[in-house]
Structure formats: structure tokens, C-alpha cells
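In what follows, a structure is listed as C-alpha cells, so that the remarks can point back to it.
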Amino acid sequence: MQVGLSTSSLQTSTTSPLTRGGIDAPQSVRNRGITDTTSASPASFPESPLISARPLRYNVQLNQQLTAVQQADSFLSQTESQLLQLRHSATHSQTRPDTIRQQAKGLQSLLDNRAQLSGNTVDRHFNVKLEGKTQVNFALPEGEKLLQGGDAETLVFSLGGNKREMAAVSLTQNGSERQAVMRLNQGLGRFGVHA
């Protein structure tokens, strides 16, 4: 709020805290022509209900992607550094075997904790995926023969790595391709594998 003065001079008394000693001279205040801003043009920014929430969503998404890139970059650079140290140690005959073993264990530990250290942004083939879970595409040799039916079969799948889990899928005799795919998805779905 701005205030304009309508008087052109101001008198002060000797008892006023604004006076010094015995000086009692009138002081003038000039009217600077302050305009009323309440009737001015609209503000240069929108009012809060008109501000779009859309940029906030983009900022959150960009922050998530930036964090994912940083995690992936950090993991990949650590892995590269460990790998280069191990290669350097292995190529020099002066390096002690204990040192090489220790570096190999460090690299293996880094690779075993890949999902956690990279924030699930780097898959086991070192491909970076910024959104969603990392996935690996693979092919089942002679899978078409399984889908075409024929004899009844029970397939046993084993998950490698740190988790040693097994799943069995039973395919019926003369079943359709759709039934075989559905049974494979049911059996392998708990591993995150989908046909």
C-alpha cells in the first residue's frame, strides 16, 4: 500500500524527537505525484489458481530421470575403474596373486550389487534404462515346437544368479498356442518373465 501526502510543509515542535538542539526550522515535503496502483493494468504474472501444475510434473519426471542417469553413471564408472585396475594388475607380472584376487572379489561384489547400486537402471548386459524396471530379452531355442502342441510335457526352469529358484510348467497334449503361452506366463510370471 502506498500513501501520498497532500500537505506541502510539515511543522515540528521543539519537544518532538525529530528536532536537534534549538533548531526549529520547518521542513518541506514535496509531493512526488504518487499514482494510485489499485486501478493499474493487471499483474504480469497469473494468480495462483491460474498457474498450471503441469510444469511441476515435468520437473519431478526430469529429476527422476536425472537421478537415474547419475546412479547409472556412478555404477558404470565404478565398474569401469575396477575392471581397469584388475586388467592392469593381471597384465603386470609383478602384481601379487592376492592383490589380483582381492580386486576380482571387489569387482564381483560390485556386479552382484548392480541392481541396488545402479538404482535398477542398468541391466545385466550393461544397458541403461531410465524409466521402469530393467529387462532382458531372451529367446527360447526351439520354443515354437513347444507352442505348436503335440505331446504333453513338463518344463523345468531354473533362475540363476544369487537366487536359486525353480519353476515347472506343464503343457497339455494337443493344447493350443494360446494355452501354452498362458501356462508359460503363469509359471514364469513370478520371475518377471513374460512370453
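At position 11 of the sequence shown (counting the first as 1) the number is 140 in our numbering, and the numbers step up by one without a gap. Glycine included, C-beta positions come from ideal geometry on N, C-alpha and C.
1) Excluding the 5 residues preceding and the 5 following L330 in the sequence, name in chain order all residues of the same chain whose CB lies nearer than 8 Å to its CB.
2) DSSP puts F286 in a beta bridge; with which residues?
3) With distance defined between alpha-carbon atoms, name the residue in S305, A244 and R293 nearest to A281.
4) Pairing CB atoms from the segment 215 to 225 with CB atoms from the segment 189 to 198, are three or more of them under 8 Å?
5) Where R319 and R230 are concerned, what is the direct C-alpha to C-alpha distance, given to the nearest angstrom?
6) Whose C-alpha, out of Q194, Q237 and S203, is nearest the C-alpha of L212?
7) Please name the residue, chosen from H254, T250, K274 and Q207, that lies closest to Q232 on a Cα-to-Cα basis.
8) Would you check whether the ligand SAH has a heavy atom nearer than 8 Å to the C-beta of S287?
9) Go to T228, then tell me how far its alpha helix (DSSP H) extends in each direction, as first and last residue.
10) For L269, count neighbouring C-beta atoms within 10 Å of its own C-beta (all shown protein chains included) and say buried if the count is 16 or more, exposed if not.
11) Would T250 be called buried (16 or more neighbouring beta carbons within 10 Å of its own) or exposed?
12) Look at the alpha carbon of E260 and the alpha carbon of R225, and state the distance between them as a whole number of angstroms.
13) Keeping to the same chain, check which residues put their C-beta closer than 6 Å to that of T301; ignore five residues upstream and five downstream.
14) Assuming N303 is part of the alpha helix (DSSP H), what are its boundary residues?
15) Roughly how many angstroms lie between the CA atoms of M311 and S203, to the nearest whole one?
16) Using a 10 Å radius around the Cβ and a threshold of 16 neighbouring Cβ atoms, would you call A309 buried or exposed?
Taking the structure as given:
1) Any answer about residue 330 is impossible in this case: the structure gives the chain only from 130 up to 324.
2) Under DSSP, F286 shares a beta bridge with A296.
3) For A281, the closest of S305, A244 and R293 by C-alpha to C-alpha distance is S305.
4) These segments do not touch.
5) Inter-residue distance for R319 and R230 is about 36 Å (C-alpha atoms, whole angstroms).
6) Considering only alpha carbons, the answer is Q237.
7) Selected option, being the one with the closest Cα: Q207.
8) With respect to small molecules bound, the structure shown includes none, and the ligand SAH cannot be examined in it.
9) P226 to D241 is the extent of the alpha helix (DSSP H) around T228.
10) Classification for L269: exposed.
11) Counting every other CB atom within 10 Å of its CB across the protein chains shown gives T250 a total of 16 or more, marking it as buried.
12) So the alpha carbons of these two residues sit roughly 43 Å apart.
13) The answer, listed in chain order, is A281.
14) No alpha helix (DSSP H) contains N303, which DSSP labels as neither H nor E.
15) Approximately 39 Å between the Cα atoms of the pair.
16) Residue burial is scored here from C-beta neighbours: A309 has at least 16 other C-beta atoms within 10 angstroms and is therefore classed as buried.
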